[in-house]
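Be aware that the sequence shown starts at 193, since it is given in our numbering, and climbs by one per residue.
Read through the structure below, which is laid out as structure tokens, and then see the notes.
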Amino acid sequence: MKILASNEYQAPSESTANVLVLANDVNALEANLDGITQVDLYFPNFTDGRAFSQAYLLRRRLKFEGDIRATGDVLIDQLVQMERTGFSSAVLREGVDATDAQRQFERFGGFYQADAVHTQPHFVEVQA
């Protein structure tokens, strides 16, 4: 997962044709992805996890292969789950160190369950 510090990210303008900013109350399955290379999903606060569901639907059901980016109230302890649900990049909120964020991915060597990134359970991958 690509980690961006808040000062490295510039929100897309309405004239940015290949980026879709998807509101939290929009059904991801109804999004028009023609010509879209990046979808920005917003976390308004810690307790709102709708963007996780949107990312999973985009990645698994719609087979979107572009960048799915987490924006808003992105906490480092959510990054691993973000990647597992389909996010490919995240913009950290101001004051969060990118090195600390990247360290989250070193804590877990694998997962038993399948997810948006690894579609086979861990035991199947080990047997192969």
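Yeah, the Cβ is synthetic: ideal placement off N, Cα and C, and Gly gets one too.
All values derive from a computational prediction rather than experimental measurement.
Cβ-based burial, residue i [other Cβ within 10 Å; buried from 16]
i    : result
A203 : exposed
R261 : buried
L254 : exposed
Opening and closing residue of the alpha helix (DSSP H) in which residue i lies
i    : result
S245 : 242 to 248
V231 : Unbroken run through V231 is the beta strand (DSSP E), 230 to 235; no alpha helix (DSSP H).
Other residues of its chain near residue i: CB distance less than 6 Å, five sequence neighbours each side excluded
i    : result
A308 : Y248, R251, R252, T277, G278
A220 : Q246, L249, L250
Close-in-space but distant-in-sequence residues of the same chain around residue i (CB under 7 Å, 5 per side omitted)
i    : result
A197 : L284, A290
N-terminal and C-terminal residue of the beta strand (DSSP E) that residue i is part of
i    : result
V211 : 211 to 214
D259 : 259 to 264
L284 : No beta strand (DSSP E) contains L284, which DSSP labels as neither H nor E.
Own chain partners of residue i with C-beta closer than 8 Å, once the 5 adjacent residues on each side are dropped
i    : result
M193 : L271, M274, E275, F279, S280, S281, A282, F297
T229 : N210, V211, G258, D259
Through-space distance from residue j to residue i, alpha-carbon basis
i    : j    : result
D269 : F303 : 16 Å
V231 : A223 : 10 Å
F238 : D265 : 6 Å
N216 : E200 : 23 Å
L233 : A243 : 6 Å
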